[in-house]
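Enquirer: Residue numbers (the numbering used here): 6 to 166. Here a beta-carbon is modelled for each residue, glycine too, at the ideal position from N, C-alpha and C. Treat the numbers as computed from the prediction; the structure is a model and nothing was measured. Could you have a look at this structure, given as structure tokens, before my questions?
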Amino acid sequence: MDKRLDYATVAPGALTSLYAAGAYVAKSTLGATLVVLVQLRASQINGCEFCKALHKLQAEALDVGRERIADLPNWKDSNAYSARERAALLWTEHLTLISQNHVPQSVYDSVRAEFSEVELVDLTLAITTINAWNRFAIAFATPPAQAEVVFKTLHSHARPE
Numbered sequence: 006m007d008k009r010l011d012y013a014t015v016a017p018g019a020l021t022s023l024y025a026a027g028a029y030v031a032k033s034t035l036g037a038t039l040v041v042l043v044q045l046r047a048s049q050i051n052g053c054e055f056c057k058a059l060h061k062l063q064a065e066a067l068d069v070g071r072e073r074i075a076d077l078p079n080w081k082d083s084n085a086y087s088a089r090e091r092a093a094l095l096w097t098e099h100l101t102l103i104s105q106n107h108v109p110q111s112v113y114d115s116v117r118a119e120f121s122e123v124e125l126v127d128l129t130l131a132i133t134t135i136n137a138w139n140r141f142a143i144a145f146a147t148p149p150a151q152a153e154v155v156f157k158t159l160h161s162h163a164r165p166e
């Protein structure tokens with residue numbers, strides 16, 4: 006499918022809040038690895054080829070490890086993830102697929118055991134934000150091949166902490 010339109014160029018102001026949310030999450034205590042795992046998993050669920058390609062590149066740059074990246078769709082059956090990562094992935098699946106079961110109290114309780122109140126809000130924002138990006142990329146058919154260009158642009162703007 007050909008790219009339908011370049012939404013970032015057509016209406017850059019529409020994305021301001023998404024960029025701001027991403028900057029906020031990047032400064033949170035969640036950590037870059039956890040955030041990229043969440044972003045990649047939500048993108049897998051949503052079938053966003055562009056975002057899957059972008060977040061795979063980001064995960065590789067963070068040395069997440071090929072096994073962990075490959076096992077992500079089967080994280081429930083894998084020993085490659087910490088308890089905290091598993092809780093984040095559980096939260097990601099329930100929020101991304103919210104129309105199916107909403108968020109049962111048992112899911113909230115297990116996730117809350119791994120995250121502080123502030124971290125849970127930050128994690129929810131990270132998941133909400135990637136779901137919004139997925140919808141832009143899918144709706145406007147952003148090609149996966151563009152992920153490398155975006156990754157290089159983002160990586161060149163990254164500042165050492």
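According to the neighbour-count rule (16 or more other Cβ atoms, all chains shown, within 10 Å of its Cβ), is H60 buried or exposed?
Expert: buried
Enquirer: Compute the minimum distance between the beta carbon of E98 and the heavy atoms of the ligand GTP, and state whether it is under 6 Å.
Expert: Here there are no bound small molecules, and the ligand GTP is not part of this structure.
Enquirer: Could you pull the start and end residues of the alpha helix (DSSP H) that V126 belongs to?
Expert: Segment 122-144, the alpha helix (DSSP H) holding V126.
Enquirer: Let me know the alpha helix (DSSP H) ranges lying completely inside the segment 15-67, each 4 residues or longer, listed in chain order.
Expert: 21-31, 37-51, 54-66
Enquirer: Out of F156, L45, V108, Q49, point me to the one whose CA is closest to V69's CA.
Expert: L45
Enquirer: Do you know how far the Cα of A137 is from the Cα of E119?
Expert: 25 Å
Enquirer: Report the CB separation of F156 from Q63 in whole angstroms; it is logged as a contact under 8 Å.
Expert: The C-beta distance from F156 to Q63 rounds to 7 Å, short enough to meet the 8 Å contact threshold.
Enquirer: Taking one C-beta from the segment 90-104 and one from the segment 46-57 each time, how about it: are there three or more such pairs within less than 8 Å?
Expert: yes
Enquirer: Tell me whether N81 is buried or exposed, calling it buried when 16 or more other Cβ atoms sit within 10 Å of its Cβ.
Expert: Before going on, a small fix: residue 81 reads as Lys here, not Asn. Exposed.
Enquirer: Over what stretch of residues does the alpha helix (DSSP H) that includes L94 continue unbroken?
Expert: 88-101
Enquirer: Let me know the secondary structure DSSP gives H160 once reduced to three states.
Expert: For H160, the three-state secondary structure derived from DSSP is helix.
Enquirer: How is N81 classed by DSSP in three states: helix, strand or coil?
Expert: Checking the sequence, you will find Lys at residue 81 rather than Asn. In this structure, DSSP gives K81 a helical state, which the three-state scheme calls helix.
Enquirer: With 16 other CB atoms within 10 Å as the buried threshold, where does K57 fall?
Expert: buried
Enquirer: Identify the continuous alpha helix (DSSP H) that holds A75 and give its terminal residues.
Expert: 71-76
Enquirer: Using three-state DSSP, classify P149 as helix, strand or coil.
Expert: helix
Enquirer: Could you work out which residue in Y113, K8, N79 is closest to F55 when comparing CA atoms only?
Expert: K8
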